[in-house]
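*Asks:* In the working numbering, the protein residues as written are 117 to 341.
Quick reminder that beta carbons are idealized off the backbone N, C-alpha and C, glycines included.
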């Protein structure tokens, strides 16, 4: 007597299709996760200021240092890549030590700004105790005829940027080490500063934010009577 052999039923095709689809989705998710992790670990070298840099500085190798950063591509595009040659370019604004170099803060060498620099000799007690540093903004005042009834104090420079601070070591004036600051000024303002330095007494005030009020302020001895 023949005994019938049971036939194994094959799995439906839709089961295999579902498994394949699940495997594809898993692989895609895994690959996406790996890419996100890889991008999170990836860094890019950009230029940063190796020291405080005033506006209108010509960049040299000593002014620059490469820094590895991890930023989204849309933010990274705003900074100068360390692969770019920026030596010899001009800074259009002051930069603090360690600050990343914004691409828009650089200009080609030879770009004329119409702004020059002038040094102002001043003692620490008349220059915020000697605490000024490049990048600070200052108002400069001059007092003329201080011992006379015609004495007057006039603002000769408003919201000027300090590009350098000079300390003459070993040089003492009136019992204090002499210092000077270098500020940015237009040609007309530079002439006023030069006249004031030669004929008056200088005081420097550090400012925060834009200077308010008129561009020129004059106070006379009679104003206090």
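1) Specify, as a first and last residue, the run of the beta strand (DSSP E) that residue 180 falls within.
2) Report the residue ranges of all beta strand (DSSP E) runs contained in full by the segment 187-253; include only those spanning at least 3 residues, in chain order.
3) Please classify residue 265 as buried or exposed, where buried requires at least 16 neighbouring CB atoms within 10 angstroms.
4) In this structure, how does DSSP classify residue 334 when only helix, strand and coil are distinguished?
5) DSSP beta-bridge partners for residue 297?
6) In the DSSP assignment, find the alpha helix (DSSP H) that holds residue 162 and state where it starts and stops.
7) Quick one: is residue 193 buried, meaning 16 or more other Cβ sit within 10 Å of its Cβ, or exposed?
8) Does residue 261 pass the burial test, meaning 16 or more other C-beta atoms within 10 Å, or should it be called exposed?
9) With DSSP collapsed to three states, give me the class of residue 314.
10) Please name the residue, chosen from 201, 184, 225 and 189, that lies closest to residue 215 on a Cα-to-Cα basis.
11) Buried or exposed: where does residue 177 fall if 16 or more other Cβ atoms within 10 Å of its Cβ makes it buried?
12) Excluding five sequence neighbours on each side, which residues of the same chain lie with their C-beta closer than 7 angstroms to the C-beta of residue 209?
13) From the DSSP output, read off the bridge partner residues of residue 264.
14) Taking C-alpha atoms, which residue in 323, 270 and 166 lies nearest to residue 348?
15) Using 8 angstroms as the Cβ pair cut-off and three pairs as the minimum, do the segment 243-263 and the segment 306-324 touch?
*Replies:* For this structure:
1) 180-185
2) 232-238
3) exposed
4) strand
5) 236 and 281
6) No alpha helix (DSSP H) contains residue 162, which is instead part of the beta strand (DSSP E) from 160-165.
7) exposed
8) exposed
9) helix
10) 184
11) exposed
12) 171 and 221
13) Note: residue 264 sits in no beta bridge, so no partner.
14) It is not possible to answer for residue 348, since the shown part of the chain is limited to 117 through 341.
15) yes
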